[in-house]
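**Q** Okay, handing you the structure first.
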Amino acid sequence: MSFVFLNGEFIPSCSGKVADSEFLHRQGVFTTILVKEGKAFFLHNHIKRINRHCKKSNILAPYISIRTIKELLMKNNAYKGLYRLKILVAAEVKDLQKNTLLITLEKEAPNKSAFSLCKYIRPAPFASNRVKSLAYCDRLALRKFANSRGFDDCLTFDMNKYLLETSVANVFWIKNNSLHFPDPKLLYFRGIVLTTALVIAKKLKMKVQYGKYTIKDLSGSHLFYCNSMKGILPVKSLENTPLSWDLSLQNTLLEQYMLFSKEHWVDLTV
């Protein structure tokens, strides 16, 4: 039997009292954290961000205890393998200063070695969302759109055809020892792993540049996909067109990402 944490108590996930899909129609925020072999990647960063997003959304931020998360791991015997730790905060319909806190833990499949992307040529329907809110049905629909065409995810663009992100991840690309990513002033969600990638690039003496890029700017580049669950993954193709793939560069990035992650993970086994 698996358990979730709901408003101060641990309950069986099959109890019928809760389903995170029910939260999609409520005002709230969430974050998703990779737990690997009992280590929660960037846990403190995620908790700080969800508190900031609660404040931006005028929602009372709950106290999120590391001890509670450790107990959730223990109750689910989730010390081996990969897990998806999700923290959701939803406001009460009639009172934003009252909330529901839900923490779930689900088994996660191993990562692919590389991703394939397609393009969603119309302006992204969620382009105004810089907060990781519960209103992410549009994002799920876009990923379903990509999957139905045989791709892992899709690139999205704004009304000026500037590259933004994918349905559930950021992208960056490397060309001539320079890392490029979309201008932060554009309306997209900038995740923790993208920020980490920028730090790594500077450590590797790369030039870091941002701008308003179109699909043509990806030509000749090594494209990467990044989010909290997948880490950093190379993109092998775009609309079935193979992309440049530098195995040495990929290995260096992944090695540095793991080293950086170790400095910021929380060991939930102790």
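So in my numbering the end of the sequence shown lands on 312, straight run, no missing numbers. C-beta atoms are modelled at their ideal positions from N, C-alpha and C, and glycine is treated no differently. Treat the numbers as computed from the prediction; the structure is a model and nothing was measured.
Taking Cβ positions, are Arg185 and Asp200 nearer each other than 8 Å?
**A** Against a cut-off of 8 Å, the Cβ pair of Asp200 and Arg185 comes out as no contact.
**Q** Are at least three pairs of beta-carbons, each pair with one atom in the region 107 to 122 and one in the region 302 to 310, less than 8 Å apart?
**A** The region 107 to 122 is in contact with the region 302 to 310.
**Q** For my contact list, Tyr204 and Pro226 are in at a C-beta cut-off of 8 Å; report their separation, rounded to the angstrom.
**A** Not confirmed; about 12 Å, so no contact.
**Q** Considering only the alpha carbon of each residue, which of Phe266, Arg191, Phe302, Arg181 lies closest to His222?
**A** His222 has its Cα closest to that of Phe266, out of Phe266, Arg191, Phe302, Arg181.
**Q** Kindly give me the distance between the Cβ atoms of Val241 and Cys268, rounded to whole angstroms, as I take these residues to be in contact under 8 Å.
**A** Rounded, the Cβ-Cβ distance is 12 Å, inconsistent with contact.
**Q** Can you list, in chain order, the residues of its chain whose CB lies under 7 Å from that of Asn93, leaving out five sequence neighbours each side?
**A** Counting only Cβ-Cβ distances below 7 Å, and skipping sequence neighbours, we find Ala103.
**Q** Please name the residue in Leu130, Asn141, Lys174, Lys122 whose C-alpha comes closest to that of Lys149.
**A** That would be Lys122, whose Cα lies nearest to the Cα of Lys149.
**Q** Using beta-carbon positions only, say whether Ser270 and Thr74 come within less than 8 Å of one another.
**A** Yes, these two residues count as a Cβ contact at 8 Å.
**Q** Find the nearest neighbour of Leu229 within the set Met248, Ile216, Asn212, judged by alpha-carbon distance.
**A** It is Asn212.
**Q** Between which two residues does the beta strand (DSSP E) harbouring Asn93 extend?
**A** Taken as a continuous stretch (DSSP letters only), Asn93 belongs to no beta strand (DSSP E), being part of the alpha helix (DSSP H) at 85 to 98.
**Q** Per DSSP, which one or two residues make a beta bridge with Arg126?
**A** Leu76, Glu148.
**Q** Using the Cα positions of Ile4 and Gly70, report the straight-line distance between them to the nearest angstrom.
**A** As displayed, the chain neither begins before 43 nor continues past 312, which places residue 4 out of reach and without an answer.
**Q** Looking at Ala151 and Lys278, is the spacing between their C-beta atoms short of 8 Å?
**A** No, the Cβ-Cβ distance between Lys278 and Ala151 is not below 8 Å.
**Q** Alpha helix (DSSP H) containing Asn293: first to last residue?
**A** First-last of the alpha helix (DSSP H) with Asn293: 289 to 304.
**Q** Mind reading off the beta-carbon distance from Lys140 to Phe72? Whole number of angstroms is fine, and I expect it under 8 Å.
**A** About 17 Å; that fails the 8 Å criterion.
**Q** Here's the rule I'm using: 16 or more other beta-carbon atoms within 10 Å means buried, otherwise exposed. How should Cys56 be labelled?
**A** With fewer than 16 Cβ atoms within 10 Å of its Cβ, Cys56 is classed as exposed.
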